[in-house]
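Visitor:
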Amino acid sequence: MEFADLIKTPKLDGVFLHDPLQANATVEGTLCITGHHLLLSARQENSQELWLLHKNIDSVEKKPSMGQNIVLGGTITLKCKDLRIISLEIKYAKEFFNVAASLEALSAIQNPELDYPFFYRPMYSILEDGYTMFRPELEFAKLINGVGAMGGISSPNVANIAICLPSTSCVSVGATAGSSNSIVGIPHPLQNGFALDAAAALTVGGTTMILPSCEWRLTNINKDFSVCPTYGATLIVPKAITDEQVALSATFRDGGRFPMLSYRHVNGATLMRSSQPLSIQGIKRCRADEAILNLVLGRSKKGFIVDTWGKGKSNTETDLHYSQWKKVNRSIGNVSSPASILDSYAKLIEACNDIGCSTDKWLSRLENSGWMSLVLNSLNASCVVAQCLDQEGSPVLVHGAKGLDSTLIVTSLVQIILNPDCRTVRGFSLQALIEREWIQAGHPFASRHRYACYTPHQTRNKNSGATFVLFLDCIYQLFTQFPCSFEFSTQLLILLFEHSYFSQYGTFLCDSEKERHDLKIHTRTTSLWSYLNRPDVLQTLLNPLYEPNANVIWPSVAPISLELWGELYLRWVVDQRSLISNMAQIQELVTREKELRTQVLRLRKQALELSQEVSTLMNHHAESA
Numbered sequence: 008m009e010f011a012d013l014i015k016t017p018k019l020d021g022v023f024l025h026d027p028l029q030a031n032a033t034v035e036g037t038l039c040i041t042g043h044h045l046l047l048s049a050r051q052e053n054s055q056e057l058w059l060l061h062k063n064i065d066s067v068e069k070k071p072s073m074g075q076n077i078v079l080g081g082t083i084t085l086k087c088k089d090l091r092i093i094s095l096e097i098k099y100a101k102e103f104f105n106v107a108a109s110l111e112a113l114s115a116i117q118n119p120e121l122d123y124p125f126f127y128r129p130m131y132s133i134l135e136d137g138y139t140m141f142r143p144e145l146e147f148a149k150l151i152n153g154v155g156a157m158g159g160i161s162s163p164n165v166a167n168i169a170i171c172l173p174s175t176s177c178v179s180v181g182a183t184a185g186s187s188n189s190i191v192g193i194p195h196p197l198q199n200g201f202a203l204d205a206a207a208a209l210t211v212g213g214t215t216m217i218l219p220s221c222e223w224r225l226t227n228i229n230k231d232f233s234v235c236p237t238y239g240a241t242l243i244v245p246k247a248i249t250d251e252q253v254a255l256s257a258t259f260r261d262g263g264r265f266p267m268l269s270y271r272h273v274n275g276a277t278l279m280r281s282s283q284p285l286s287i288q289g290i291k292r293c294r295a296d297e298a299i300l301n302l303v304l305g306r307s308k309k310g311f312i313v314d315t316w317g318k319g320k321s322n323t324e325t326d327l328h329y330s331q332w333k334k335v336n337r338s339i340g341n342v343s344s345p346a347s348i349l350d351s352y353a354k355l356i357e358a359c360n361d362i363g364c365s366t367d368k369w370l371s372r373l374e375n376s377g378w379m380s381l382v383l384n385s386l387n388a389s390c391v392v393a394q395c396l397d398q399e400g401s402p403v404l405v406h407g408a409k410g411l412d413s414t415l416i417v418t419s420l421v422q423i424i425l426n427p428d429c430r431t432v433r434g435f436s437l438q439a440l441i442e443r444e445w446i447q448a449g450h451p452f453a454s455r456h457r458y459a460c461y462t463p464h465q466t467r468n469k470n471s472g473a474t475f476v477l478f479l480d481c482i483y484q485l486f487t488q489f490p491c492s493f494e495f496s497t498q499l500l501i502l503l504f505e506h507s508y509f510s511q512y513g514t515f516l517c518d519s520e521k522e523r524h525d526l527k528i529h530t531r532t533t534s535l536w537s538y539l540n541r542p543d544v545l546q547t548l549l550n551p552l553y554e555p556n557a558n559v560i561w562p563s564v565a566p567i568s569l570e571l572w573g574e575l576y577l578r579w580v581v582d583q584r585s586l587i588s589n590m591a592q593i594q595e596l597v598t599r600e601k602e603l604r605t606q607v608l609r610l611r612k613q614a615l616e617l618s619q620e621v622s623t624l625m626n627h628h629a630e631s632a
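If you want the numbering used here, it's the position in the sequence shown, counting the first as 1, plus 7.
(1) On the three-state DSSP scale, how would you describe L13?
(2) By the DSSP assignment, the alpha helix (DSSP H) with C390 in it spans what residues?
(3) Just how far apart, CA to CA, sit G137 and T533?
(4) Please tell me whether I446 and T514 are closer than 8 angstroms, where the distance is taken between their beta carbons.
(5) In whole angstroms, what separates the C-alpha of R523 from that of Y238?
(6) Taking C-beta to C-beta, are L485 and P119 nearer than 8 angstroms?
(7) By how many angstroms is the C-alpha of G377 removed from the C-alpha of I567?
(8) For V78, which residues in the same chain have their Cβ closer than 6 angstroms to its Cβ, ignoring the five residues on either side in sequence?
(9) Take the Cβ of A593 as the centre, count every other Cβ of all protein chains shown within 10 Å, and call the residue buried at 16 or more, exposed below.
(10) Among the residues of its own chain, which have a CB less than 6 angstroms from the CB of G74, if the five just before and after it don't count?
(11) Looking only at its chain, what residues have a beta carbon closer than 7 angstroms to the beta carbon of I482, apart from the 5 residues adjacent to it on each side?
(12) Any contact of the region 351-358 with the region 530-549, i.e. 3+ C-beta pairs under 8 angstroms?
(13) Under the rule that 16 or more other beta-carbon atoms within 10 Å means buried, what is S286, buried or exposed?
(14) Taking F23 as part of the beta strand (DSSP E), name the residues at either end of that continuous run.
(15) Does the separation of the CB atoms of P451 and N470 fall below 8 angstroms?
(16) Looking only at its chain, what residues have a beta carbon closer than 8 angstroms to the beta carbon of N105, apart from the 5 residues adjacent to it on each side?
(17) For a test of the three-state rule: what should DSSP assign to H524, helix, strand or coil?
(18) Looking at the structure shown, is G3 part of a helix, part of a strand, or coil, going by DSSP?
(19) How close, in whole Å, do the beta carbons of H456 and D350 come, if the pair is a contact with beta carbons under 8 angstroms?
(20) Span of the beta strand (DSSP E) holding N336?
(21) Less than 7 angstroms separating the Cβ of E374 from some heavy atom of the ligand SAH?
(22) Just mark R430 as buried or exposed, buried being the case when its beta carbon has 16 or more other beta carbons within 10 Å.
(23) Look up L502 in the DSSP assignment and say whether it is helix, strand or coil.
(24) Could you tell me which residues DSSP pairs with P284 in its beta bridges?
(25) For the beta strand (DSSP E) containing S94, name the first residue and the last one.
(26) Please classify D65: does DSSP put it in a helix, a strand, or coil?
(27) Could you pull the start and end residues of the alpha helix (DSSP H) that V544 belongs to?
(28) For the 8 angstroms Cβ check, are there 3 or more pairs between the region 550-558 and the region 584-604?
(29) What's the gap between the Cα of T277 and the Cα of I312?
(30) Do you know whose CA, among L615, A298, P562 and I339, lies nearest P490's CA?
(31) What span of residues does the alpha helix (DSSP H) with S622 cover, start to end?
(32) Pull up the distance between the alpha-carbon of L97 and that of S496, whole angstroms please.
(33) Assess contact between the region 400-420 and the region 252-265, defined as three or more Cβ pairs (one per stretch) separated by less than 8 angstroms. Is contact present?
(34) Take S380 and list the residues in its own chain whose beta-carbon comes closer than 7 angstroms to its own, dropping the five residues that flank it on each side.
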């Protein structure tokens with residue numbers, strides 16, 4: 008298929024673009040349709056222009072203009088996945104239908120190899136390859152050994168860790184040959200059964216530290232993705248568990264998602280994630296699965312299995328065979344499928360876009376959407392798990408249905424609550440968390456984000472969802488309660504929201520690591536992380552109020568503590584210029600404060616030097632007298 012076959016009118020003059028934020032701000036310009044973009048320009052300086060990826064279009068609505076029962080033209084309304092609503096007014100009937108048909112066809116292309124990331128070539132030099140920054144073996148090593156921005160090693164140094172091989176070369180991220188930042192004495196990370204229990208030496212800036220030993224190993228049993236199609240090729244398992252036991256445990260779990268290490272707390276308590284046990288007649292237990300969880304228990308007398316799916320909906324582990332594990336139900340909400348989360352999200356956006364209703368009615372619609380309840384329940388479940396790890400010191404297994412949605416929300420939020428490194432932008436950071444807990448963990452971004460909130464309910468398929476949006480909203484709630492504990496600003500969350508739906512980068516493409524491997528995503532596209540970690544870009548995403556906080560942040564889960572994420576949901580409805588202006592003022596004040604602090608330190612030093620000179624002169628004077 009050629010893009011030209013779908014573009015019936017590639018260029019059209021005299022098209023009117025209507026801005027919903029400004030009733031009188033209408034732009035007349037030339038409309039151009041390419042294989043991936045819709046462009047509209049008035050070809051005048053300081054005039055509004057439109058650059059829209061077809062992948063961003065969620066719904067195309069046509070409203071013909073009639074005259075004497077003849078179509079004279081019409082208005083095409085584009086409802087976008089970034090929540091914009093754009094109106095294009097076209098004068099002539101033929102062009103009206105041609106443009107609408109082209110946009111419908113181009114926005115509905117399902118072949119991922121025709122998506123823009125496969126055609127995009129960055130105009131800047133790649134300083135860091137985002138696809139190698141968070142390789143599983145490196146992330147697992149940092150996870151087990153507690154290496155992070157708050158763990159005594161700063162974020163930039165952690166990003167330059169290299170696992171050196173005993174033989175010839177090393178597997179590195181951001182480290183060059185001869186670099187002073189390296190891990191030595193570790194076997195080849197891709198070797199099957201590679202154990203993370205050797206006393207590895209971490210050299211940072213010339214200082215060598217011994218990393219603690221552990222009882223985990225890497226395995227490539229899933230190298231052909233046959234054990235679990237949604238897990239990656241390189242996995243971490245307890246060292247005492249054989250590959251045969253791993254395979255048996257996978258057959259006991261929905262989709263083969265056997266218990267996997269998600270996080271290791273500073274007190275040694277481990278957080279695991281999996282799918283629920285399969286409901287197969289005649290099979291009520293799996294000794295291999297029990298062995299994995301029993302090994303995770305270690306010296307703990309009990310562990311917790313937290314089910315996020317809902318009481319009576321899931322198949323949980325039996326008390327008889329998992330006697331040391333206490334079952335806890337913390338349902339995210341009354342959701343029978345990921346599509347139900349999208350339904351709630353759609354109702355939320357519908358309420359946000361209704362600017363004509365009264366305050367009472369608007370608040371009622373907001374409550375009836377159920378979205379804020381999903382946010383509240385997600386935070387509540389995460390706090391329960393975090394308490395088990397931090398205060399009880401007990402291991403926790405989190406699962407819910409297939410383990411692809413609510414499970415990942417909880418395990419990710421737990422790490423943000425407990426681990427200050429996940430609140431930073433570099434190293435063992437939010438980027439690493441999303442890469443490890445969402446992308447490498449098999450969240451099906453392509454299926455979930457194929458449709459967004461504007462596609463009619465009856466048109467969406469059952470695999471559509473808004474789970475990742477819910478996760479980002481939960482981070483926003485944590486940010487509002489602890490605004491000084493996050494190194495990044497909410498602008499990073501909005502960027503992640505947008506790029507998860509439509510992007511020139513390949514990071515969020517496909518449903519699993521297997522699909523990304525088959526399409527060679529890592530070599531044929533550019534990583535979003537390569538762009539975000541450019542110094543000039545990263546600087547714009549930093550929180551000016553950030554003060555490093557090594558403590559656990561315990562959020563309030565009272566309904567009154569939550570607030571609507573207006574910066575995202577209302578940004579095309581309510582003018583955001585005042586917010587932008589306020590943030591700029593805050594940045595100026597913080598910058599000025601830093602300058603004054605520097606000046607104070609300099610003046611204090613000068614005062615001390617003058618005081619010493621005066622003392623010396625007085626001593627000389629006293630001696631001469």
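Built from N, CA and C at the ideal position, the CB exists for glycine as well.
Guide: Working from what's here:
(1) For this step, residue 13 is matched to residue 6 along the sequence shown. Three-state DSSP puts L13 in coil, outside helix and strand.
(2) Mapped onto the sequence shown, residue 390 falls at position 383. Here the alpha helix (DSSP H) through C390 covers W378 to D397.
(3) For the purposes of this step, residue 137 is taken as residue 130 along the sequence shown, with counting starting at 1. For the purposes of this step, residue 533 is taken as residue 526 along the sequence shown, with counting starting at 1. Taking the straight line from one Cα to the other gives about 8 angstroms.
(4) Residue numbering aside, residue 446 sits at position 439 when the sequence shown is read from its first letter. Residue numbering aside, residue 514 sits at position 507 when the sequence shown is read from its first letter. Yes, Cβ-Cβ distance for I446 and T514 is below 8 angstroms.
(5) For the purposes of this step, residue 523 is identified with residue 516 of the sequence shown, where counting begins at 1. For the purposes of this step, residue 238 is identified with residue 231 of the sequence shown, where counting begins at 1. One C-alpha to the other measures close to 12 angstroms.
(6) Counting from one through the sequence shown, the residue named residue 485 turns up at place 478. Counting from one through the sequence shown, the residue named residue 119 turns up at place 112. No; because the gap between Cβ atoms is not below 8 angstroms, this pair is not in contact.
(7) By one-based count along the sequence shown, residue 567 stands at place 560. By one-based count along the sequence shown, residue 377 stands at place 370. Answer to the nearest angstrom: the Cα atoms are 15 angstroms apart.
(8) As a first step, residue 78 must be located in the sequence shown, where it is residue number 71. P71 and A100, listed in sequence order.
(9) For the purposes of this step, residue 593 is identified with residue 586 of the sequence shown, where counting begins at 1. For the record, residue 593 in the displayed sequence is Ile; it is not Ala. Exposed, by the Cβ-count rule.
(10) As a working mapping, residue 74 is identified with position 67 in the sequence shown. Contacts found: none.
(11) Here residue 482 refers to the residue found at position 475 when the sequence shown is read from its first residue. Closer than 7 angstroms at Cβ, skipping near neighbours: I423 and L500.
(12) no
(13) Counted from its first residue, the sequence shown places residue 286 at position 279. With fewer than 16 other Cβ atoms within 10 Å, it is exposed.
(14) As a working note, residue 23 is residue 16 in the sequence shown. Looking at the DSSP string, the run of the beta strand (DSSP E) that includes F23 is K18 to H25.
(15) The residue you call residue 451 lines up with position 444 of the sequence shown. The residue you call residue 470 lines up with position 463 of the sequence shown. Yes, these two residues count as a Cβ contact at 8 angstroms.
(16) Position 98 of the sequence shown, counting from 1, holds the residue named residue 105. So the qualifying residues of the chain are K15 and T16.
(17) Sequence index remark: in the sequence shown, residue 524 carries index 517 (1-based). In the structure shown, H524 sits in a helix (DSSP, three-state: H, G or I).
(18) Residue 3 is absent from the model: the chain starts at 8 and stops at 632.
(19) Counting from one through the sequence shown, the residue named residue 456 turns up at place 449. Counting from one through the sequence shown, the residue named residue 350 turns up at place 343. Not confirmed; about 15 angstroms, so no contact.
(20) Here residue 336 is taken as the residue at index 329 of the sequence shown, counted from 1. Taken as a continuous stretch (DSSP letters only), the beta strand (DSSP E) holding N336 covers W332 to N336.
(21) With respect to small molecules bound, the structure shown includes none, and the ligand SAH cannot be examined in it.
(22) Residue numbering aside, residue 430 sits at position 423 when the sequence shown is read from its first letter. Buried, because 16 or more other Cβ atoms sit within 10 Å of the Cβ of R430.
(23) Numbered from its first residue, the sequence shown carries residue 502 at position 495. Three-state DSSP puts L502 in a helix.
(24) Taking the sequence shown and counting its residues from 1, the one referred to as residue 284 is at position 277. DSSP output for P284 lists R260 as bridge partner(s).
(25) Taking the sequence shown and counting its residues from 1, the one referred to as residue 94 is at position 87. Element bounds for S94: I92 to I97.
(26) Start at 1 with the first residue of the sequence shown, and residue 65 comes out as number 58. Three-state DSSP puts D65 in a strand.
(27) Residue mapping note: residue 544 aligns to position 537 of the sequence shown, counting from 1. Per DSSP, V544 belongs to the alpha helix (DSSP H) from P542 to T547.
(28) yes
(29) As a working note, residue 277 is residue 270 in the sequence shown. As a working note, residue 312 is residue 305 in the sequence shown. So the alpha carbons of these two residues sit roughly 12 angstroms apart.
(30) Position 483 of the sequence shown, counted from the start, is the residue given in the question as residue 490. Closest option to P490, Cα to Cα, is P562.
(31) Along the sequence shown, one-based indexing puts residue 622 at 615. Note, S622: alpha helix (DSSP H), R584 to S631.
(32) Taking the first residue of the sequence shown as position 1, residue 97 is located at position 90. Taking the first residue of the sequence shown as position 1, residue 496 is located at position 489. Note that residue 97 is Ile in the sequence shown, not Leu. About 40 angstroms.
(33) yes
(34) Counting from 1 along the sequence shown, the entry for residue 380 is found at position 373. If we look at S380 and ignore the five residues flanking it on each side, its Cβ neighbours are G340.
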